[in-house]
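Here the structure comes first, spelled out in structure tokens, and everything after it is commentary.
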Amino acid sequence: MKMKDSETIDEYYTKVRELVNQLKAYGEDIPEKRVVEKLLISVTEKYDPIVTTIEETKDITTLTVTELVGSLEAYEKRRSRREENSLENAFQSKLNMRSQNSNRKEENFKRTMGDKKKQNKGTYVPCRICKRTNHLEKDCYFRGKPQCRIARDLDMWKKIVG
Numbered sequence: 001m002k003m004k005d006s007e008t009i010d011e012y013y014t015k016v017r018e019l020v021n022q023l024k025a026y027g028e029d030i031p032e033k034r035v036v037e038k039l040l041i042s043v044t045e046k047y048d049p050i051v052t053t054i055e056e057t058k059d060i061t062t063l064t065v066t067e068l069v070g071s072l073e074a075y076e077k078r079r080s081r082r083e084e085n086s087l088e089n090a091f092q093s094k095l096n097m098r099s100q101n102s103n104r105k106e107e108n109f110k111r112t113m114g115d116k117k118k119q120n121k122g123t124y125v126p127c128r129i130c131k132r133t134n135h136l137e138k139d140c141y142f143r144g145k146p147q148c149r150i151a152r153d154l155d156m157w158k159k160i161v162g
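Every letter in the sequence shown is one number past the one before it in the UniProt record's numbering, and letter 92, counting from 1, is 92.
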């Protein structure tokens, strides 16, 4: 019997314990050492680091099933917390990227609009009132206001001569 990738230690140990109890019911004596070895051998790859640590640092012959399952569950919880944190960090990173992209788009929009305004500056036909090219005659500040007669006459002179 092997542990499935989708199973937790608690779920797998429950299956192993039920199997051991059935074997004991049939009269077979299974020492705790054998159950410990079976658990260490049959857990999935993701438990390899903790299994190696337990095999290297603890005496397997005196290790109880309760101690082993406790160590494996603690490892499982620590690992799931890390995965949750990495998922949260990934989600936060994605949100930050979206925010940065949104800011970039806004900056690009402002920059391109500013460029368009600069391109359009001076593209109007010269105003007949003040001769500037940054507005229409109907929007002229000087419209309806008295102008200097000499400047107006000089303009007329330029038109006649020029």
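By construction, the Cβ of each residue, glycine as well, lies at the ideal position given by its N, Cα and C atoms.
If you measure between the beta carbons of Val69 and Lys38, is that distance less than 9 Å?
In the sequence shown, counting from the first residue as 1, residue 69 sits at position 69. In the sequence shown, counting from the first residue as 1, residue 38 sits at position 38. No; because the gap between Cβ atoms is not below 9 Å, this pair is not in contact.
Output yes or no for whether 9 Å exceeds the beta carbon distance between Thr44 and Lys94.
Numbered from its first residue, the sequence shown carries residue 44 at position 44. Numbered from its first residue, the sequence shown carries residue 94 at position 94. For Thr44 and Lys94, no; Cβs fall outside 9 Å.
In the DSSP assignment, find the unbroken alpha helix (DSSP H) run with Tyr12 in it and report its ends.
Numbered from 1 along the sequence shown, position 12 holds the residue referred to as residue 12. That run of the alpha helix (DSSP H) goes 9 to 25.
If the criterion is Cβ atoms closer than 9 Å, does the pair Glu32 and Thr64 meet it?
Numbered from 1 along the sequence shown, position 32 holds the residue referred to as residue 32. Numbered from 1 along the sequence shown, position 64 holds the residue referred to as residue 64. It is a contact, given that the beta carbons lie within the stated cut-off.
Could you pull out every residue in the same chain whose Cβ sits closer than 8 Å to the Cβ of Leu19, ignoring the five residues on either side in sequence?
Numbered from its first residue, the sequence shown carries residue 19 at position 19. Excluding sequence neighbours, Leu19 sits near Met1.
In terms of residues, what are the limits of the alpha helix (DSSP H) holding Glu32?
Within the sequence shown, residue 32 is the residue found at index 32, counting from 1. Residues 32 to 42.
Go ahead and pull the three-state DSSP assignment for Val125.
Walking along the sequence shown from the start, residue 125 turns up at place 125. Three-state DSSP puts Val125 in coil, outside helix and strand.
According to DSSP, is Tyr141 part of a helix, a strand, or is it coil?
In the sequence shown, counting from the first residue as 1, residue 141 sits at position 141. Tyr141: coil per DSSP, three-state reduction.
Less than 8 Å between the CB atoms is what I'm expecting for Ile60 and Val36, so what's the real figure, rounded?
In the sequence shown, the residue the question calls residue 60 occupies position 60. In the sequence shown, the residue the question calls residue 36 occupies position 36. Contact holds; Cβ gap of about 6 Å.
Would Lys4 pass as a contact of Tyr13 if the rule is Cβ separation under 9 Å?
Here residue 4 refers to the residue found at position 4 when the sequence shown is read from its first residue. Here residue 13 refers to the residue found at position 13 when the sequence shown is read from its first residue. Taking the C-beta atoms as reference points, Tyr13 is found no nearer than 9 Å to Lys4.
Excluding five sequence neighbours on each side, which residues of the same chain lie with their C-beta closer than 7 Å to the C-beta of Tyr47?
Looking up residue 47 in the sequence shown gives position 47. Excluding sequence neighbours, Tyr47 sits near Leu72, Tyr75.
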